[in-house]
Each structure stands twice: as structure tokens, then as C-alpha cells.
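Participant: This is the structure I want to talk about, given as C-alpha cells.
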Amino acid sequence: MNPDLDRLQPYPFERLAELKRGVLPPRDLPHIPLSIGEPRHPAPGFIAEEIIRHLHGMAAYPKTKGSTELRQAIADWLTARFSLPEASIDADQHVLPVNGTREALFAFAQCIVARDTDSLCVLPNPFYQIYEGACLLAGATPWFVNTTVETGFIPDFEGVPESVWRRCQLLYLCTPGNPTGAVIPVETLERLIGLADQYDFVIASDECYSEIYQNDTSPPTGLLEAAAGMGRDDYQRCVVFHSLSKRSNVPGLRSGFVAGDASILRRFLLYRTYHGCTMPPHTQAASISAWRDEEHVRKNRRLYEDKFEAVLDILSPVLHVQRPQAGFYLWPETPGDDREFARDLYAEQNVTVLPGSYLSRDADGVNPGHKRVRMALVAPIEDCIEASRRLRRMLTG
Ligand SMILES: Cc1ncc(COP(=O)(O)O)c(C=O)c1O
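Rendered as C-alpha cells:
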């Protein structure tokens, strides 16, 4: 067996199940789960209709590269959304469809990391767990960069030693961040692109929460936008990951894309051809219609805005909690240990939240998830409000 499998850590939800084992929550309070980041707003009907209309497509093998129409819809969306220079995203060279960003974020490390060196992948801390597993199974070692309240929840890149940048082959970014919701400023992205040139590494920017933000007029910036702003419209060393899961409430569709540096994507396409991860034709057709529509995305944002407003009204007086710039998580500070807080909340109020320390590792002598919990505001607004009231009740007695 591959010995690197033993380097994988238990997934946070396994640890959460362990934490809750044997605890009996009050029977008269229905369970409200805020632990899993699974979008639960209704999926737009037209996406399902497109799937049905194109089901006959299953009679043919799809191409790894996806259809020209899908890649063009993605290129158009990306160009408009991030104000990229006209025609700088060539649908034939700069875009590949993926079956959700999870598999792509994992596969990307297998494609990028050269196993013959003492390679490092640099990751934010806390982080989406796939980055770590991808890095370990690619034969590299993760180097964690803490994101704390002191750094405005942006990874503390200034504190990364030069010896680490020299060994870095792949830098994962998550912007807007899971779980913090922080958006990495364009100046930081520019500086990271400079470091990627200097030390010869690739940047993988996971931007799957980029469409869930507060104000319709100020969308989060992205890595390709930063690159274009520097005049690098070949997007050298930069690859972004986008998904329909959160943007369009279709996590079960398994549809996203990667875009950026054409020479990297050519190699990634080769990798994917062998890996065998093609997108079903009906998923491709449905994805075209989703990327070409913004109305449902605006409506989705409003639903989250209403929830943040209502929930923060209830929680702010009793918890240190900030409204995130983007995404659908709250990342409040807990009065004591985060695991105890999560267990007590479940035991007393039948509400499940995820302990922050399950999402991060000890680095530089701290675990930045310690004394924080992640609350996903994905449940219906009534449930989010009820869960917040119960949490408040637990804290105020
Ligand atoms: C930061 C982050 N990246 C990627 C994903 C994967 O999303 P999907 O595979 O549905 O595109 C998630 C899902 O929760 C996530 O939180």
C-alpha cells in the first residue's frame, strides 16, 4: 500500500462525530446542523431542466477537455466577472472543466509536485482539508501559514522564511477564505505572483466562494485579475479554481473549472486524461446555462445577506464575531476551548458547529482555530435564527 496514506489526518467531520459520541441532546429541540458547508438554498429549476433535456448525451464518451461551448461560457464569465483583458482567456487554452473543485484541487498537486526534491506545498491555516491531503499524497510536505485576527485573517506571508519559498512548489490560496471569509487584497496577490517568479512555484487560488459576498457592487478580487493588472495576461504560474456548488446551489452537480496559465493547463489536461475525470455531457450542458445566468446568483447573495443580518443581531452581544467579507461562514471566538464549546452546544441545545481546531494544525506554536468555531449559515433562515437564539441562551444561562 502507498505509505503516504498513513500521513492523512482524520477528516474534521470524523473528529466531530467522535466528539459527539455518547452525548444525548434534549429530545424536545430539533437538531440544527451548522457544521457542514453544503449549500441548501433551492437550486435553480432551469439547471435541472437542462440536465433533463441533455440526458441523451450519455450515449457518447465526453472529452476530458469538455465541449467548446462550455469552455467558451466559462471564458466569457471569467472575463466579465474579473474584468480581464478582452480575448486574454482563450477557451481552447486557458480553461478546463472539472467535476467540482474538490477533485481538481487534489489532482492539481499530483500534476504539479515533482517528487524528487524535498518539496513543500504552502497552505493557509486553517484550511480546506483537501489541500493537505493532496500535498501529502503528492509526496510533498505541507507548510502552514497562520491566518489570525491579528493578520485580518489573511495568511501571514511576511512571516514565511526564504528557505520555505525556495522549497515551495505549490502555494494554495483560499480567497474568499474558508472558514474566515477574508478576501486576499490585490496587493498581496501581486506580491505572491512576484514570489512565484522569484522562487519558481505555482499558485493555485481556490476561489469557490467568490460569488457569495455582501455588496453587489464590490465583488472579491481574484488571482487572474491581479495577474492581468500586472500586465501578465498570459497568467503565467497562476491557476484559479471556481465552482457552481456555492454560486448556484448545486453541490450535487459536481461542476467547476480551472483557468489560467496555458502551459500548466496543457500538462494538467494530460494528467486528467489518464486520471479519467470527464464531465458528463448533461452536466456540461447544465453548467453552460448556469455560468451564463447571473440573476439566480444575485438572489442567492440576498438570501445570505438576510441571514447574516438576523444572526449577527442575536450573536454580537454575546460573542466576538465579525461579519465576513464573503462566503457563508461565521468564525466566532469561543469563551473557552472550541471542542468543549461545540460539545456543550450540542448537548444543551442540539445545535452542531465545527470546532475550529479541527480545521487547522499547530504551526509556529499556535493553532489558529483554537477557541473558534465554524458556523455555516446554510440552513433556512428560521433555523439559523433559532440556532443563534439557542447559542445565546447557552451563553447567557
Ligand atoms: C474552500 C473550498 N474549496 C473547495 C470546495 C469544494 O467544492 P466543490 O468540489 O463542490 O466545487 C469546498 C467545499 O466545501 C470548499 O469549502
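Under our numbering, the very last position in the sequence shown is 397; numbers go up by exactly one each time. Every residue gets a Cβ at the ideal spot worked out from N, C-alpha and C, and that includes glycine. Owing to the predicted nature of the structure, the values given are computational and were not obtained by experimental measurement.
For Val-264, count the other beta carbons within 10 Å of its own beta carbon; 16 or more makes it buried, fewer makes it exposed. Which is it?
Facilitator: Here residue 264 is taken as the residue at index 264 of the sequence shown, counted from 1. A small correction: the amino acid at residue 264 is Ile; Val does not occupy that position in the sequence shown. Flag for Ile-264 reads buried.
Participant: How long is the line joining the alpha carbons of Asp-92 and Ile-112, rounded to whole angstroms?
Facilitator: Position 92 of the sequence shown, counting from 1, holds the residue named residue 92. Position 112 of the sequence shown, counting from 1, holds the residue named residue 112. Taking the straight line joining both Cα atoms gives about 21 Å.
Participant: Select from Asn-2, Met-58, Lys-246 and Ala-87 the residue whose C-alpha is nearest the C-alpha of Leu-208.
Facilitator: By one-based count along the sequence shown, residue 208 stands at place 208. Correcting the residue type first, residue 208 is Cys in the shown sequence and not Leu. When only C-alpha atoms are compared, the closest one is Lys-246.
Participant: Hey, is the segment 269-289 in contact with the segment 142-162, meaning 3+ C-beta pairs nearer than 8 Å?
Facilitator: Short answer: they don't touch.
Participant: Have a look at Thr-278, Pro-280, Pro-124 and Arg-167 and flag the residue whose alpha-carbon is nearest the alpha-carbon of Ser-205.
Facilitator: By one-based count along the sequence shown, residue 205 stands at place 205. Among Thr-278, Pro-280, Pro-124 and Arg-167, the Cα nearest to that of Ser-205 belongs to Pro-124.
Participant: Ligand 1 and Tyr-209: does any heavy atom of the ligand fall closer than 8 Å to the residue's C-beta?
Facilitator: Sequence index remark: in the sequence shown, residue 209 carries index 209 (1-based). Tyr-209 Cβ: within cutoff of ligand 1.
Participant: CB Thr-151 to CB Leu-223, shorter than 9 Å?
Facilitator: Walking along the sequence shown from the start, residue 151 turns up at place 151. Walking along the sequence shown from the start, residue 223 turns up at place 223. Taking 9 Å as the Cβ cut-off, Thr-151 and Leu-223 do not qualify as a contacting pair.
Participant: What do you get for Val-149, buried or exposed, if any count of 16 or more other CB atoms within 10 angstroms of its CB means buried?
Facilitator: Translated into positions along the sequence shown, residue 149 becomes position 149. Exposed, by the Cβ-count rule.
Participant: Which of helix, strand or coil does DSSP assign to Trp-143?
Facilitator: Here residue 143 refers to the residue found at position 143 when the sequence shown is read from its first residue. Looking at Trp-143 - three-state DSSP - the assignment turns out to be strand.
Participant: For a minimum of 3 consecutive residues, which ranges assigned as the beta strand (DSSP E) are wholly contained in the segment 212-259?
Facilitator: Those beta strand (DSSP E) runs which fall completely within the segment 212-259 and span 3+ residues are 238-243.
Participant: What I want to know is whether the C-beta of Arg-254 ends up closer than 8 Å to one or more non-hydrogen atoms of ligand 1.
Facilitator: Translated into the one-based positions of the sequence shown, residue 254 becomes position 254. Checking the Cβ of Arg-254 against ligand 1 gives yes.
Participant: To the nearest angstrom, report how far apart Arg-166 and Asp-118 are at their CA atoms.
Facilitator: As a working mapping, residue 166 is identified with position 166 in the sequence shown. As a working mapping, residue 118 is identified with position 118 in the sequence shown. Cα to Cα, the separation comes out at about 10 Å.
Participant: Compute the minimum distance between the beta carbon of Tyr-304 and the heavy atoms of ligand 1, and state whether it is under 8 Å.
Facilitator: Translated into positions along the sequence shown, residue 304 becomes position 304. Tyr-304: no, Cβ never under 8 Å from ligand 1.
Participant: In the DSSP assignment, what residue or residues form a beta bridge with Met-375?
Facilitator: Here residue 375 refers to the residue found at position 375 when the sequence shown is read from its first residue. Met-375 pairs with Leu-330.
Participant: Measuring only the C-alpha atoms, how far is Pro-332 from Gln-322?
Facilitator: As a working note, residue 332 is residue 332 in the sequence shown. As a working note, residue 322 is residue 322 in the sequence shown. Each residue's alpha carbon lies about 7 Å from the other.
Participant: Using a Cβ-Cβ cutoff of less than 6 Å, which residues in the same chain neighbour Tyr-131 once the five nearest sequence positions on both sides are dropped?
Facilitator: Taking the first residue of the sequence shown as position 1, residue 131 is located at position 131. Excluding residues within five positions, the ones whose Cβ falls inside 6 Å are Leu-123 and Tyr-172.
Participant: If you drop the 5 nearest sequence neighbours on each side, which residues of the same chain put their C-beta closer than 8 Å to that of Pro-25?
Facilitator: If you number the sequence shown from 1, residue 25 lands on position 25. The residues are His-31, Tyr-346, Ala-347, Glu-348, Gln-349 and Asn-350.
Participant: Using CA coordinates, which residue listed in His-242, Ile-288, Ala-48 and Arg-392 is at the minimum distance from Ile-314?
Facilitator: To locate residue 314, count along the sequence shown from 1; it is residue 314. Comparing Cα-Cα distances from Ile-314 to each of His-242, Ile-288, Ala-48 and Arg-392, the minimum goes to Arg-392.
Participant: Any heavy atom of ligand 1 closer than 8 Å to the CB of Ser-360?
Facilitator: Counting from one through the sequence shown, the residue named residue 360 turns up at place 360. No, since every heavy atom of ligand 1 falls outside the 8 Å radius drawn around the Cβ of Ser-360.
Participant: Let me confirm a value: Arg-81 is counted as buried when at least 16 other C-beta atoms fall within 10 Å, else exposed. Which label applies?
Facilitator: Taking the sequence shown and counting its residues from 1, one reaches residue 81 at position 81. So Arg-81 counts as buried.
Participant: Look up Val-122 in the DSSP assignment and give the residues it is bridged to.
Facilitator: Counting from 1 along the sequence shown, the entry for residue 122 is found at position 122. For Val-122, which the question treats as bridged, DSSP gives the partners Trp-143 and Leu-171.
Participant: Would you mind reading off the limits of the alpha helix (DSSP H) that contains Ala-387?
Facilitator: Indexing the sequence shown from 1 puts residue 387 at position 387. Its alpha helix (DSSP H) spans residues 381-396.
Participant: Going by DSSP, what residue range makes up the beta strand (DSSP E) through Ser-205?
Facilitator: Position 205 of the sequence shown holds residue 205. Element bounds for Ser-205: 202-206.
Participant: Using a Cβ-based criterion (distance less than 8 Å to any ligand heavy atom), does Phe-153 qualify as near ligand 1?
Facilitator: In the sequence shown, counting from the first residue as 1, residue 153 sits at position 153. Every heavy atom of ligand 1 is 8 Å or more from the Cβ of Phe-153, so no.
Participant: Assuming the contact rule is C-beta atoms closer than 8 Å, Tyr-329 and Gly-181 should be a hit. Round their C-beta distance to whole Å, please.
Facilitator: Translated into positions along the sequence shown, residue 329 becomes position 329. Translated into positions along the sequence shown, residue 181 becomes position 181. Correct: roughly 6 Å between the Cβ atoms.
Participant: Under DSSP, the beta strand (DSSP E) around Leu-96 begins and ends at which residues?
Facilitator: For this step, residue 96 is matched to residue 96 along the sequence shown. Start and end: 95-98.
Participant: Do Leu-253 and Ile-89 have their C-beta atoms closer together than 9 Å?
Facilitator: By one-based count along the sequence shown, residue 253 stands at place 253. By one-based count along the sequence shown, residue 89 stands at place 89. Not in contact: Leu-253 and Ile-89 (Cβ atoms no closer than 9 Å).
Participant: Within its chain, find whatever has a CB closer than 6 Å to the CB of Gly-256; leave out the 5 residues flanking it on each side and keep chain order.
Facilitator: The sequence position of residue 256 within the sequence shown is 256, counting from 1. Closer than 6 Å at Cβ, skipping near neighbours: Val-98, Gly-100, Thr-101, His-242 and Ser-243.
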